[in-house]
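A.B. asks: Heads up, the numbering used here is the position in the sequence shown plus 881, with the first residue counted as 1.
A virtual CB, placed ideally from N, CA and C, is assigned to each residue, including glycine.
For reference, the structure I am asking about is given below.
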Amino acid sequence: AGTAQAVTALRFLDAARPVWHEHGGAVRDLLRADLAAGGDLVRSLAAFLDASGDVPRAAARLTLHPNTLRYRLRRARERFGIDLDDPDTRLVVALAVRLEATGDDSSAHPPI
């Protein structure tokens, strides 16, 4: 079941890529800028979202103090203008992080 879910997720990401390129705009640019600067905010967002918003669990995964993660999330909210308390926003940010993690070059990631 895990492999089938992964394949489905990859297909979804490939299908969403054109929409992301057209509408990702500022979020994409900010994610790229953060990745170019070391990616602390992106990694923190990804860990927080992967932990379903559980700050202590996400902080442990990143080997950070929970207050450090809270600070980074606050910075991400300010910099990206995102409300991580909103479920729709969390979904969009999670997809944005995943799409950036898979790269932009469609030829490097052919559709499944």
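#1: By the three-class DSSP mapping on this structure, what secondary structure does Leu-945 have?
#2: Which residues mark the beginning and the end of the alpha helix (DSSP H) in which Asp-850 is found?
#3: Let me know the secondary structure DSSP gives Ala-918 once reduced to three states.
#4: Quick check on the burial criterion: 16 or more other C-beta atoms within 10 angstroms. Buried or exposed for Ala-957?
#5: When you compare each of Leu-916, Phe-893, Arg-951 to Leu-930 by their alpha carbons, which one comes out closest?
#6: Which residues in the same chain have their Cβ closer than 7 angstroms to the Cβ of Ala-932, if we skip the five residues on either side of it in sequence?
#7: Note down the Cα distance separating Arg-913 from Ala-977, rounded to an integer number of angstroms.
#8: Work out the CA separation of Arg-909 and Glu-981 for me, nearest whole Å.
#9: CA-CA distance, Ala-927 and Ala-975?
C.D. replies: Per the coordinate set shown:
#1: Note: Leu-945 maps to coil in three-state DSSP.
#2: This structure leaves residue 850 out entirely; the chain is present only between 882 and 993.
#3: Coil at Ala-918, not helix or strand.
#4: By the neighbour-count rule (16 or more Cβ atoms within 10 Å), Ala-957 is buried.
#5: Among Leu-916, Phe-893, Arg-951, the Cα nearest to that of Leu-930 belongs to Arg-951.
#6: Cβ neighbours of Ala-932 beyond the five flanking positions: Arg-938, Ala-939, Arg-942.
#7: Each residue's alpha carbon lies about 11 angstroms from the other.
#8: Here the alpha carbons of Arg-909 and Glu-981 stand approximately 8 angstroms from one another.
#9: Approximately 7 angstroms, taken between the alpha carbons.
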